[in-house]
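Chemist: Letter by letter, the sequence shown follows residues -1 to 110 of this note's numbering. Using N, Cα and C, we set each Cβ at its ideal position, and we do this for glycine too. Quick caveat, the model's predicted, so the values are computed rather than measured.
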Amino acid sequence: MNKTKDLLYKASAIIILIAAVLYAFYPLIAPWVMAVAVAIFTIITMMTPYPGKSIRGKRLFLFQVFSCILMAVATYLMFINKNEWAVIMVIAAIFLLYSSIVLPKVYDNEED
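1. Would you mind stating whether Ser52 and Val88 have Cβ atoms separated by less than 7 Å?
2. Do Ala72 and Ile86 have their C-beta atoms closer together than 7 Å?
3. Go through its chain and collect everything with a Cβ distance to Leu75's Cβ below 6 Å, but skip five positions before and after it.
4. Where Leu26 and Asn79 are concerned, what is the direct C-alpha to C-alpha distance, given to the nearest angstrom?
5. Which term fits Tyr24, buried or exposed, when burial requires 16 or more other beta carbons within 10 angstroms of its beta carbon?
6. Within 8 Å, do at least three Cβ pairs link the stretch 6 to 18 to the stretch 28 to 47?
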């Protein structure tokens, strides 16, 4: 089950990137692809909460949740043809990148 969840998580992240590029060529199809990928990404993120007890780790997990919300907002902006979706998506990516780098370090320190 874990391998399937990891595979879906990684695939949805890649599809989100593909949908962002696809918007330049097929703006009617890209929001639908993005919506499905963001939904899968968000569901898997919510199903995998931070397992530790650290307040910092829980805050970083909330960063991930916030980035999922921002990706959903960006998808909505894609549907209504607002170009601001790209800015929102970059902000979501920064939050997600930061939490993805720091969260494993916090968890490892907590286990020690």
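Modeler: Taking the coordinates as given:
1. Residue mapping note: residue 52 aligns to position 54 of the sequence shown, counting from 1. Residue mapping note: residue 88 aligns to position 90 of the sequence shown, counting from 1. Cβ distance not < 7 Å, so Ser52 and Val88 don't count as in contact.
2. The residue you call residue 72 lines up with position 74 of the sequence shown. The residue you call residue 86 lines up with position 88 of the sequence shown. Going by C-beta atoms, Ala72 is nearer than 7 Å to Ile86.
3. Looking up residue 75 in the sequence shown gives position 77. Answer for Leu75: Glu82, Trp83, listed in chain order.
4. Position 28 of the sequence shown holds residue 26. Position 81 of the sequence shown holds residue 79. Roughly 9 Å between the two C-alpha positions.
5. As a first step, residue 24 is located in the sequence shown; it is residue number 26 there, counting from the start. Tyr24 should be labelled exposed.
6. yes
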